[in-house]
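Quick notes on the structure that follows.
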């Protein structure tokens with residue numbers, strides 16, 4: 035695994051840790067500051083822009099689920115990257131695409147899209 | 035709209051045109067040649083790698099739906115970009131995240147993730 039892949043996976047895991055803890059400050063710090071962010075929550079309409087996306091997280095983080103990231107896999111595209119992973123929540127499973135961008139030496143989230151799906155198997159991990 | 039945004043939107047529309055036509059050759063040409071591709075079809079497990087992704091399209095394109103892309107919006111990250119759009123199909127609607135990478139001067143698809151959702155409104159377009 036490359037150095038970048040390790041850092042991208044760490045950023046992805048930090049997102050899920052903030053999600054589980056209901057930690058709005060940590061969630062805010064995880065998202066990009068300059069790149070325009072977006073988010074598609076399960077079954078919802080797309081949100082664009084930091085204000086709309088962070089408002090949605092404030093609501094969700096008021097009652098956070100014990101969400102677990104399952105078998106994330108990194109695809110790096112230079113200073114951008116996307117991670118595909120499963121999400122296990124009580125009573126169900128989702129699949130997510132999480133897009134990251136390198137800003138100020140850190141990998142920050144710029145897009146999260148989660149919806150129904152079958153989490154990837156462990157042998158598909160990188 | 036920047037020159038790049040126009041080209042990225044054109045690549046996104048070319049994907050939906052190939053999808054509607056059931057055109058496997060056009061679909062093959064739309065996907066990246068060097069970057070590792072991935073795909074999450076609605077409700078399915080993630081696919082990684084060109085062989086798995088193109089096999090999935092060959093099956094789907096045998097009976098293509100009259101799919102329409104609704105209100106695409108581009109987020110560019112240097113030589114990578116993602117487009118969020120609605121998808122209208124008979125009897126339903128989806129939301130998709132399509133990731134592109136610049137390869138050999140062309141914007142090529144590197145990831146498609148579609149699932150249930152509420153298509154974006156026209157006033158959210160860029």
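Protein chains in written order, with the numbering used here: chain A, 35 to 160; chain B, 35 to 160.
We treat Cβ as the ideally placed atom computed from N, Cα and C, and that holds for glycine.
Quantities reported herein were computed from a predicted structural model and do not represent experimental measurements.
Shorter than 9 Å from the beta carbon of residue 116(A) to some beta carbon of chain B? Residue 116(A) sits at position 82 when you count from the first residue of the first chain. Interface residue, yes.
When we look at the beta-carbon of residue 129(B) and count the other beta-carbons within 10 Å, is it buried (16 or more) or exposed? Working through the second chain from its first residue, we reach residue 129(B) at position 95. Buried is the call here.
Quick one: which chain B residues come within Cβ less than 8 Å of residue 34(A)? Not covered by the structure: residue 34(A). The range shown for chain A is 35 to 160.
Going along the chain, which residues of its own chain have a beta-carbon closer than 8 Å to the beta-carbon of residue 65(A), five neighbours each way excluded? For the purposes of this step, residue 65(A) is taken as the residue at position 31 of the first chain. Cβ within range, chain order: 71, 84, 87, 88, 142, 143, 144.
Taking residue 153(A) and residue 105(A) to be in contact with their CB atoms under 8 Å, please state how far apart those CB atoms are, rounded to whole angstroms. For the purposes of this step, residue 153(A) is taken as the residue at position 119 of the first chain. For the purposes of this step, residue 105(A) is taken as the residue at position 71 of the first chain. Contact flag correct, Cβ pair sits at about 6 Å.
Could you tell me whether the Cβ of residue 97(B) comes closer than 9 Å to any Cβ of chain A? Within the second chain, numbered from 1, the residue matching residue 97(B) stands at position 63. No, its Cβ sits nowhere closer than 9 Å to a Cβ of chain A.
Give me whichever residues DSSP pairs with residue 110(A) in a beta bridge. Here residue 110(A) corresponds to residue number 76 of the first chain, with the count starting at 1. Note: residue 110(A) sits in a beta bridge opposite 115(A).
Check each candidate in 121(B), 137(B), 140(B), 117(B) and name the one with the smallest Cα separation from residue 76(B). Here residue 76(B) refers to the residue found at position 42 of the second chain. Comparing Cα-Cα distances from residue 76(B) to each of 121(B), 137(B), 140(B), 117(B), the minimum goes to 121(B).
Simplified DSSP state of residue 90(B), which is helix, strand or coil: Taking the first residue of the second chain as 1, we reach residue 90(B) at position 56. Helix, per DSSP.
Can you list, in chain order, the residues of its chain with a C-beta nearer than 6 Å to that of residue 58(A)? Leave out the 5 residues immediately preceding and following it. Within the first chain, residue 58(A) is the residue found at index 24, counting from 1. Around residue 58(A): 92, 95.
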